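To start, the structure itself, in structure tokens.
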Amino acid sequence: MLGDVSMSAVELEAFTSARPRLFAIAYRLLGSAGEAEDAVQDAFVRWQAADRERVREPVAWLTKVLTNLCLNRLTSARARREQYVGQWLPEPVLTPDDRLGPLETVEQRESMSLAFLVLLERLTPPERAAFVLREAFGYGHREIAGILDVTEAGSQQLYHRAKGHVERERSRFSATDAQARRILERFLAAASGGDLAALEEILVADAAAWADGGGQIGVARHPILGVAKVARYFANWFGNVNMERLRRLNLDHIKVYIVEANGRPAVVAYADDRLLAVMGFDLVDGRVGAVRTMANPEKLRFIGDQLDGRDRGEPLLAFSIAEL
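Per the working numbering: the sequence shown = residues 652 to 975.
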């Protein structure tokens, strides 16, 4: 028997207090802030319709419901992404943000990184859920087993299988925030100045670049691999080719800032008041190993809303296209 949709203050508070954690789990599972918000809202609808008097542990109940909603979304998302135009990347989010859970440990910060979220795409939905719940949120295998409706041994198996896949390809972020900022400043100075030699010096030999325009923005639809090709790509991206496109859109004043996104220093580029792109970087031994650029307007909405009204400080780059 379904409970009455009317909700007591205590029952509403149970959901409200759990909401940030639910969103944090959903974002890591789905790689999409918009879809995470929808999943959390669906969990609230289920909570409204539940026989809440029989729910002994609301947070555990909501986590189970939310996780299974995300598993269903992951299954359907795989089919949709096969039809996606160009490369698919996770939606970037501004951090720190109370909705994304604690980012105090290396594991918690890594679980937010774009590189890590891309790696998780290679796991099955149950493996991804077991891994995220264990690594990022510290759930025990007994709890995970209850959430996923598997045995405790089954939870351990899912986790170890996922960990094996991830460990083979994960890269460690080896720079402090201050070091990262200096590297990004050098990268932007070289790219905006079209200095290929300086760019190649900043990039590792097997550097890679990915860009997600969703078929709406003119970015590379295939990975750019190798130091020379990546250097040329970003010299052009910041150079005349991209500037001409912005002129056609009647955009003029360009400002580039360094912010923290997904637990790491990132670059955001604005034309007038329009957010053009967010660039996330993998840094290894003082150089840039990979760059992931989100330019799909639909997937910039969440971080755009986060950035609106925030003091971004002084722009690292600022110029007018009309002056070029």
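Ideal Cβ positions, reconstructed from N, Cα and C, are used throughout, including at glycine. Being a predicted model, the structure only gives us computed values, none of them experimental.
Any 3 or more C-beta pairs closer than 8 Å across the stretch 929-943 and the stretch 666-677: no
Cβ-based burial, residue 960 [other Cβ within 10 Å; buried from 16]: On the sequence shown, position 309 is the one that residue 960 refers to. Flag for residue 960 reads exposed.
Cβ distance (whole Å) where residue 937 is taken to contact residue 858 below 8 Å: On the sequence shown, residue 937 is found 286 positions in, with the first residue counted as 1. On the sequence shown, residue 858 is found 207 positions in, with the first residue counted as 1. 13 Å between Cβ atoms; not a contact.
Contacting residues, own chain, Cβ-Cβ under 6 Å from residue 805 (five flanking each side not counted): Position 154 of the sequence shown holds residue 805. For residue 805, where only same-chain residues beyond five positions count, there are no Cβ hits under 6 Å.
Residues bridged to residue 909 [DSSP beta-bridge criterion]: As a position in the sequence shown, residue 909 is number 258, starting the count at 1. BP columns for residue 909 point to 918.
Cutoff 7 Å; reference residue 882; Cβ partners in own chain excluding five residues on either side: Position 231 of the sequence shown, counted from the first residue, corresponds to residue 882. 847, 850, 851, 854.
7 Å CB neighbourhood of residue 793 in its chain, flanking five on each side removed: Numbered from 1 along the sequence shown, position 142 holds the residue referred to as residue 793. Counting only Cβ-Cβ distances below 7 Å, and skipping sequence neighbours, we find 803.
Backbone secondary structure at residue 690 - three-state DSSP: Here residue 690 refers to the residue found at position 39 when the sequence shown is read from its first residue. It is helical.
Proximity of residue 813 and residue 778 at Cβ, strictly below 7 Å: What you label residue 813 is simply residue 162 of the sequence shown in a count that begins at 1. What you label residue 778 is simply residue 127 of the sequence shown in a count that begins at 1. Taking 7 Å as the cut-off, the Cβ atoms of residue 813 and residue 778 count as close.
Where residue 857 falls: helix, strand or coil (DSSP): Here residue 857 refers to the residue found at position 206 when the sequence shown is read from its first residue. Reduced to three states, the DSSP call for residue 857 is strand.
C-alpha distance - residue 892 paired with residue 679, whole-angstrom precision: Your numbering for residue 892 matches position 241 in the sequence shown. Your numbering for residue 679 matches position 28 in the sequence shown. Note that residue 892 has pLDDT 47, beneath the 50 cutoff, so the model's placement of it is unreliable and the number below is only indicative. The alpha-carbon atoms of residue 892 and residue 679 are separated by roughly 35 Å.
Own chain partners of residue 920 with C-beta closer than 6 Å, once the 5 adjacent residues on each side are dropped: Residue mapping note: residue 920 aligns to position 269 of the sequence shown, counting from 1. Within the same chain, residue 920 has close Cβ partners 907, 927, 928.
For residue 773, the nearest candidate out of 790, 753, 726, 807 (CA to CA): Locating residue 773 in the sequence shown gives position 122, where the first residue counts as 1. Of 790, 753, 726, 807, the residue nearest in Cα terms is 726.
Where residue 674 sits in the DSSP three-state scheme: Taking the sequence shown and counting its residues from 1, one reaches residue 674 at position 23. If DSSP states are grouped into helix, strand and coil, residue 674 belongs with the helices.
In DSSP terms, what residue 862 is bridged to: Within the sequence shown, residue 862 is the residue found at index 211, counting from 1. For residue 862, which the question treats as bridged, DSSP gives the partners 944.
Residues bridged to residue 934 [DSSP beta-bridge criterion]: Within the sequence shown, the letter at position 283 stands for residue 934. Per DSSP, 939.
CA nearest to the CA of residue 826, picked from 783, 776, 914: Translated into the one-based positions of the sequence shown, residue 826 becomes position 175. Here the closest residue by C-alpha is 914.
Contacting residues, own chain, Cβ-Cβ under 6 Å from residue 664 (five flanking each side not counted): Taking the sequence shown and counting its residues from 1, one reaches residue 664 at position 13. Within the same chain, residue 664 has no close Cβ partners at all.
Extent of the continuous alpha helix (DSSP H) to which residue 759 belongs: Working through the sequence shown from its first residue, we reach residue 759 at position 108. Run containing residue 759: 757-761, per the alpha helix (DSSP H) assignment.
Delimiting residues of the alpha helix (DSSP H) encompassing residue 738: For this step, residue 738 is matched to residue 87 along the sequence shown. Membership of residue 738 in any alpha helix (DSSP H) is not indicated, and neither H nor E is assigned to it by DSSP.
Rounded C-alpha distance that separates residue 964 from residue 923: Working through the sequence shown from its first residue, we reach residue 964 at position 313. Working through the sequence shown from its first residue, we reach residue 923 at position 272. Going from the Cα of residue 964 to the Cα of residue 923 covers about 16 Å.
Cβ-Cβ distance between residue 784 and residue 790 below 7 Å: Your numbering for residue 784 matches position 133 in the sequence shown. Your numbering for residue 790 matches position 139 in the sequence shown. Cβ atoms of residue 784 and residue 790: closer than 7 Å.
N-terminal and C-terminal residue of the alpha helix (DSSP H) that residue 830 is part of: Residue 830 sits at position 179 when you count from the first residue of the sequence shown. Here the alpha helix (DSSP H) through residue 830 covers 828-843.
Other residues of its chain near residue 868: CB distance less than 6 Å, five sequence neighbours each side excluded: As a working mapping, residue 868 is identified with position 217 in the sequence shown. Result list for residue 868: 946, in chain order.
Residue interval of the alpha helix (DSSP H) (run including residue 816): By 1-based counting over the sequence shown, the position of residue 816 is 165. Note, residue 816: alpha helix (DSSP H), 803-820.
Buried versus exposed, by CB contacts within 10 Å (16 or more), residue 829: The residue given as residue 829 occupies position 178 in the sequence shown. Exposed is the call here.
Contact check, residue 684 vs residue 953, beta carbons under 7 Å: Residue 684 sits at position 33 when you count from the first residue of the sequence shown. Residue 953 sits at position 302 when you count from the first residue of the sequence shown. Residue 684 places its beta carbon less than 7 Å from that of residue 953.
Rounded straight-line distance, which links the Cα of residue 962 to that of residue 878: In the sequence shown, residue 878 corresponds to position 227, counting from 1. In the sequence shown, residue 962 corresponds to position 311, counting from 1. Distance between the alpha carbons of residue 878 and residue 962: 34 Å.
Beta carbon of residue 677 nearer than 7 Å to that of residue 690: On the sequence shown, position 26 is the one that residue 677 refers to. On the sequence shown, position 39 is the one that residue 690 refers to. Yes, these two residues count as a Cβ contact at 7 Å.
Option in 797, 673, 810 with minimal Cα separation from residue 750: Taking the sequence shown and counting its residues from 1, the one referred to as residue 750 is at position 99. Looking at the Cα atoms, 673 is the closest of the given residues.
Residue 734 classed as buried or exposed, judged by whether at least 16 other C-beta atoms fall within 10 angstroms: Within the sequence shown, residue 734 is the residue found at index 83, counting from 1. Exposed: under 16 other Cβ atoms inside 10 Å.
The alpha helix (DSSP H) enclosing residue 792, as first and last residue numbers: One-based indexing of the sequence shown puts residue 792 at position 141. 792-799 is the span of the alpha helix (DSSP H), which, as asked, contains residue 792.
Nearest to residue 821 (by Cα), restricted to the options 768, 949, 811, 873: Start at 1 with the first residue of the sequence shown, and residue 821 comes out as number 170. Ranking the options by Cα distance to residue 821, first place goes to 768.
C-beta atoms of residue 717 and residue 694 nearer than 7 Å: Stepping through the sequence shown from its first residue, residue 717 is reached at position 66. Stepping through the sequence shown from its first residue, residue 694 is reached at position 43. Contact flag set, yes.
DSSP state of residue 768 mapped onto helix, strand, coil: Residue numbering aside, residue 768 sits at position 117 when the sequence shown is read from its first letter. The answer is helix: DSSP assigns residue 768 an H, G or I state.
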